[in-house]
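Just below is one structure, and these are the notes that go with it.
There are 2 protein chains.
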Amino acid sequence: MDPVDRPPPAPRTGSQVIELALEAVRREGGRSTTTRRIVLEALVDAGEPGVTAEDLADHIREQHPTFTSSTIYRCLERFEELGVISHAHMGHGPAVWRLIDQPRWYLVCTSCGKSMDADPTLVERLSSQLLRTVGFRLDGHFALTGRCA
Amino acid sequence: MDPVDRPPPAPRTGSQVIELALEAVRREGGRSTTTRRIVLEALVDAGEPGVTAEDLADHIREQHPTFTSSTIYRCLERFEELGVISHAHMGHGPAVWRLIDQPRWYLVCTSCGKSMDADPTLVERLSSQLLRTVGFRLDGHFALTGRCA
DNA sequence: ATCGCTATTGCGAGTAGGCCGCAATTGTCG
DNA sequence: CGACAATTGCGGCCTACTCGCAATAGCGAT
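From first to last, the protein sequence lines stand for chains G and B. Residues in the first sequence are numbered consecutively from 2, following our numbering. Residues in the second sequence are numbered consecutively from 2, following our numbering.
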């Protein structure tokens with residue numbers, strides 16, 4: 002196949018992400034359990050822009066009624082430590098979880114509650130200015146709040 | 002007195018703020034109670050950069066042991082509606098309350114927990130860009146989070 | 001295939017931060 | 001002073017997690 006005709010690198014499929022994550026767990030001395038696989042599957046299913054832990058739990062319990070919330074929280078925590086997933090706080094209410102793909106800057110409206118993405122280049126401009134002037138590196142762990150149009 | 006010798010407008014004193022706030026309550030059909038006065042006094046005492054509702058409650062209860070948290074929350078809520086005070090969320094943990102003086106952009110470090118102020122002009126640059134491009138008006142209701150130096 | 005070790009899970013209780021209903025109290029105004 | 005409605009104290013409730021503990025189940029070794 003000619004190089005110029007080669008398609009762009011395919012994004013990892015959901016199941017690739019899952020296998021890689023479970024391998025990572027094992028490398029760190031953890032165990033690859035069916036519970037963890039199910040949580041990852043549900044998270045892959047949920048896709049962007051992310052789900053709350055309780056929504057994930059409800060979704061999973063449709064198929065696996067014995068799942069408890071604490072298990073979900075602990076699985077999510079573990080995968081986050083491994084750098085596979087992350088969570089962000091969207092104003093009031095529960096955090097949302099998603100696979101780590103691209104860094105993301107959420108804007109959430111404190112009035113209507115809807116959220117959207119900010120243009121990363123705009124936010125990163127502020128970010129680099131803060132870094133230069135006061136050594137503070139913004140993360141997107143909390144959404145930027147305000148009022149939408 | 003000659004105009005050029007006139008001192009700059011004095012910042013409002015704490016007790017002025019309190020009287021103005023209580024007048025505002027009454028204009029809206031509310032009541033100027035000693036409870037509300039005490040809450041305002043404690044808030045003025047606390048000063049910048051703000052206090053949590055529970056710290057305020059603890060402080061007040063040293064002098065007035067019967068105060069309950071719910072009363073504090075309701076007073077704060079009322080004064081916020083009137084535009085006299087405001088609260089902001091500093092990452093995890095309780096909100097902080099303060100008199101409204103200048104708009105303020107908090108930076109809080111998700112690692113060490115310390116908070117500082119961002120240069121307003123930097124943040125307002127982002128704010129106006131977001132407003133122009135997507136009609137979103139940032140507020141400082143949630144702090145900007147990241148890592149400090 | 002089975003054993004033993006220990007990571008993980010289910011269960012249920014606990015926690016922080018805040019909100020709510022209701023009866024008793026207390027400003028306000030006539 | 002009296003009536004009325006706003007406010008307060010009390011206590012319980014709520015959401016979003018977090019934790020301790022005993023039972024379960026991966027995983028490497030046999």
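Note that the Cβ used here is the ideal one computed from N, Cα and C, for glycine as well.
**Report entry** Opposing strand residues paired with S116(B) [DSSP bridges]
**Finding:** V109(B)
**Report entry** Span of the beta strand (DSSP E) around S87(G)
**Finding:** 86–90
Report task. Taking V45(B) and R79(B) to be in contact with their CB atoms under 8 Å, please state how far apart those CB atoms are, rounded to whole angstroms. Result -> At roughly 16 Å, the Cβ-Cβ gap does not stay under 8 Å, so V45(B) and R79(B) are not in contact.
Query raised in the report: Would you call the region 103–123 of chain B and the region 112–120 of chain G touching, i.e. three or more CB-CB distances under 8 Å?
Result: They do not touch, by the three-pair rule.
Requested in this report: Would you mind telling me which residues of chain G sit closer than 7 Å to Q130(B), beta carbon to beta carbon, in chain order?
Outcome: L123
Query raised in the report: Taking three-plus beta-carbon pairs below 8 Å as touching, is the region 130–138 of chain G in contact with the region 95–106 of chain G?
Result: no
Query - Endpoints, the alpha helix (DSSP H) within which A47(G) is located - result: 35–47
Query raised in the report: Measuring CB to CB, does T53(G) end up less than 7 Å from V97(G)?
Result: In this structure, V97(G) lies closer than 7 Å to T53(G) by Cβ.
Query raised in the report: Residues bridged to G147(G) by DSSP?
Result: C110(G), L139(B)
Query raised in the report: Does R138(B) get closer than 7 Å to chain G when you measure Cβ to Cβ?
Result: yes
Requested in this report: Grab the span of the beta strand (DSSP E) containing R99(G) for me, first residue to last.
Outcome: 96–100
Report task. Report the rounded CA-to-CA distance for L57(G) versus T35(G), giving the unit in angstroms. Result -> Cα to Cα, L57(G) sits roughly 16 Å from T35(G).
**Report entry** Alpha-carbon spacing of P95(B) relative to P50(B), whole angstroms
**Finding:** 14 Å
Query - Interface positions of the region 91–113 of chain B facing chain G (Cβ-Cβ less than 9 Å), listed along the chain - result: G92, H93, L108, V109, C110, T111
**Report entry** Where Q130(G) falls, given that 16 or more other Cβ within 10 Å makes a residue buried
**Finding:** Q130(G) comes out buried.
Query raised in the report: Would the beta-carbon of R62(B) fall within 7 Å of that of R148(G)?
Result: Annotated as distal: R62(B) and R148(G), with beta-carbon spacing of 7 Å or more.
Report task. Could you round the C-beta distance between S33(G) and L23(G) to whole angstroms and report it? I think they count as a contact, below 8 Å. Result -> 4 Å
Report task. Could you tell me which residues DSSP pairs with T53(B) in its beta bridges? Result -> V97(B)
Query raised in the report: Buried or exposed: where does I101(B) fall if 16 or more other Cβ atoms within 10 Å of its Cβ makes it buried?
Result: Exposed, because fewer than 16 other Cβ atoms sit within 10 Å of the Cβ of I101(B).
Query - Neighbour-count burial assignment, G141(G), 16 or more Cβ in a 10 Å radius - result: buried
Query raised in the report: Considering only the beta carbon of each residue, do H93(B) and F143(B) sit closer than 7 Å?
Result: The beta carbons of H93(B) and F143(B) sit no closer together than 7 Å.
Query raised in the report: Which bits of chain G does F1(B) rub up against, with CB to CB less than 9 Å?
Result: No information on residue 1(B) is available, as it lies outside the stretch 2 to 150 that chain B covers here.
Query - Residue from G31(G), R28(G), G30(G), I39(G) with nearest C-alpha to S16(G) - result: I39(G)
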